Amino acid sequence: MNNLIKTFYTISLIIMISSCMQPVTKLGLSYGAFLRPGGIEFKIYAPNSDKVKLVIFEKVDDESGYEYPMEKLENGDWRYFLKNAQLGTMYGYRLTGPWNDENVIVADPYSKATVTQNNWRHVAKSLVIDASFDWEGDTWTNIHPRDLIIYEAHVRDMTVHKSSNATAKGSYLGFIEKDQNGGIEHLKSLGVNAVQFLPLWDFANFEIPYKQDADGMYNDWNPYERNHWGYMPTFFMAPESYYATDGTDKPNAWNGKDGRAISEMKSMVKSLHQEGMAVILDVVVNHISNYDWHPLKYIDKTVYFKLDEQSNFLSQCCGNLLASDHQHVRNYIIESLKYWMTDYHIDGFRFDQAHLLSAETAKFIINELKKINPNVIIYGEAWDEKEKEFSEMGWGSFNARFRDVLRGDLHNYDEKGFLFGNFRNKETLESLQSVILGTPDIYQTAAHAVNFLEVHDDYCFNDYLRLSSSRNSKDDIIHDPMQHIKLDDSLLRKNKLGALILLTSQGIPIIHQGQDWAHSQIIAETDANDPNVGKMDRNPYNKDNETNWVNWLEKEQNKELADYYSGLIDLRRIHSEFRHTTKKDFKFQGLADHALGYVIRDRIAVYINGENSMGIDTDLPLGNWQLMVNQNEVNLNGIRQISGKISIPPTSGMVLQRIN
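Counting from 5, one number per residue, gives the positions in the sequence shown under our numbering.
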């Protein structure tokens, strides 16, 4: 029956979307390479350069090429028209001036396709390519924010493990293969309607050599010499070519030689839309890599970057900070976002470290994107207690309050949360009520509260539960990962109760890949000199290996939890009470220090017991009720009918629907 419900919901959604489809209008870019009759026009903004030369390469590995002096225009633009140039042209720029290094040929920051070398300098050439694509009438999904159920995924991790049974493993096309265990097939079976991909913009995926001097820099923290998650963006308009079907991680090899990443990524987006799923890109607009030959650093750092008094780059943990309030930087960012919306039909964006954006820039972004698609999805990380400020500007954000009320303190495991039968200092049942309502003291609307138990950052939910309950320490060596993730009764109950609250609370739930079966991030044995092999990893950003790759055999190991997640997603999608209500629709009842009951619109009743060793008895409201969820299962047809009293076991929840 659940599959029938999913099918009905998907068909209804597709009909609804199709009925209001409007063709996506493409928007041009201010700079880059433009195909014209008789050749290609090249434009670049370099206001402080004395000379700029267009460099045309014949072969991928050429270190130099044919050079053509460009014409400087009054507004700081440089232009050159190359006669008889055609698709497939590879090019770059050599600049001379006070902020340039003429020994470095840089690629075009407005590249739509790039050819990049696998080394820490991320040597790149720009590629002129035909970016046309047959969308067959596709457009944005335009799902109401409150209806979103988001799955956070890394496009490579979801199919690269041998257990996925995908053919084109680790690629855009592999993600949408039929009859596999991972990728799109898993999203369909789970029932989510949106996927948030970790960064897919071209990024610097190789870091500086381990424990070797590299131009005055010394890497003593990353033995893998890799950046797997993608938070070091290089080209804001080009898709990452490592995820194309010809992608390679061989050192010093070249990716993107024929530009196929463009059509393959578009095919992935179109296929996800055909299944009624929105596509959300995780984007980084506030910093770029510290190490690579990023073109903006070599074009004019005084325009594009935040600098100190000595004109050195200002950086934070992830890279050189962009001057996002500068007009040309802001235009670069907004043109990029609009380009992904119009040329790739992207439904929305999750902004990494959004709190680094000024209010002026954040308002500019949301206002400009809503002109393109009024229903664009926009949320980010508004840390430093900026969630309220961003909500007032119309942005959603990750709801750390939700995570912490349920789990406890992110770092101090002695400060436990509701799932441990406890509350942190100054938190009470009212704190729990607040996050169930969509945290209205922070967010203008529940549609801005992106609720989560885990995301890619820090320890995953099940590892956190193990550490916080002292089942494991951070220094434990896990010899058998499959045995490690096997859930005992207490851990299973906490996972289930967390999932129940996540998927029945107002706001937007997000589920990280593998969370639905209580995965663990265990540092895999590789050739890297990592002394922490076998430990649980709180930050595996650098590991393109089985630490991150999704092992689909694990799903069967904890099938009971996986089925519970799938059932709760069905429940949320069928019953609008979990998505479209306000505070006046709720009647709350405190049952114990760590137990809560509530009725929504006098039709749906939810009971959650965080007490770890005490069952709770209570009276149901008058009438007959159908039990749909208990500590064991989810059954939308009903587990049994109940009236009068109910008993909620320790660390568990129940959901009931009024019959009469």
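We treat Cβ as the ideally placed atom computed from N, Cα and C, and that holds for glycine.
These figures come from a predicted structure and were not determined experimentally.
Measuring C-alpha to C-alpha distances from Trp553 to each of Asn226, Leu311, Lys55 and Gly187 identifies Gly187 as the nearest. For Pro243, the number of other beta carbons within 10 angstroms of its own is at least 16, and it is reported as buried. Pairing Val196 with Ile154, the inter-Cα distance amounts to about 6 Å. Residue pairing of Tyr176 in beta bridges, as defined by DSSP: absent, with no partner found. Setting aside the 5 residues that flank it on each side, Leu91 is surrounded in the same chain by Leu39, Val132, Ile133 and Asp134, each with a C-beta closer than 8 Å to its C-beta; the list follows chain order. A distance below 9 Å separates the beta carbons of Asp286 and Arg354. Per DSSP, the continuous alpha helix (DSSP H) segment holding Pro485 begins and ends at Pro485 to Ile489. In terms of Cα proximity to Met162, the closest of Gln635, Asp413, Lys47 and Gln519 is Gln519. In the DSSP secondary-structure assignment, Glu156 is bridged to Gln200 and His516.
Around the CB of Tyr302, 16 or more other CB atoms lie within 10 Å, so the residue is classed as buried. For Ala363, the enclosing alpha helix (DSSP H) starts and ends at Ala363 to Ile376.
For Val288, the CB contacts under 7 Å within the same chain, skipping 5 residues up- and downstream, are Pro203, Tyr235, Pro237 and Asp356 in chain order.
Spanning the alpha carbons of Lys490 and Leu496 requires a straight line of approximately 9 Å.
Residue burial is scored here from C-beta neighbours: Thr118 has at least 16 other C-beta atoms within 10 angstroms and is therefore classed as buried. When DSSP states are grouped into helix, strand and coil, Asn499 belongs to the helix group.
When His415, Lys367 and Leu414 are compared, the shortest CA-CA separation from Glu396 is found for Lys367.
Under DSSP, Asp623 takes part in a beta bridge, and its partners are Lys649.
According to the DSSP assignment, Glu71 belongs to the beta strand (DSSP E) that extends over Tyr70 to Pro73. Going by DSSP, Met397 is part of no beta strand (DSSP E) at all; its letter is neither H nor E. In the three-state DSSP reduction, Asp65 falls in the coil class, being neither helix nor strand. Under DSSP, Ala609 shares a beta bridge with Val603 and Leu660. Inter-segment contact for the segment 477 to 490 and the segment 575 to 593 is absent: fewer than three beta-carbon pairs are separated by less than 8 Å.
His488 is classed as buried because its beta carbon has at least 16 other beta carbons within 10 Å across all chains shown. Here the alpha carbon of Lys76 sits roughly 11 Å from the alpha carbon of Lys57.
Per DSSP, Phe406 lies in no beta strand (DSSP E); the unbroken alpha helix (DSSP H) holding it starts and ends at Ala404 to Arg411. Each residue's CA atom was taken as its position, placing Arg334 and Asn294 some 20 Å apart. Following the DSSP letters along the chain, one finds Phe355 inside the beta strand (DSSP E) bounded by residues Gly352 to Phe355.
Just measuring C-alpha positions, the residue of Asp597, Asp329 and Ile369 sitting nearest Tyr383 is Ile369. Note on geometry: alpha-carbon atoms of Gly251 and Ala257 lie some 10 Å from one another. Spatial neighbours of Thr346 in its own chain (CB-CB distance under 8 Å, excluding positions within 5 residues in sequence) are listed in chain order as Val28, Thr29, Lys30, Leu31 and Ile376.
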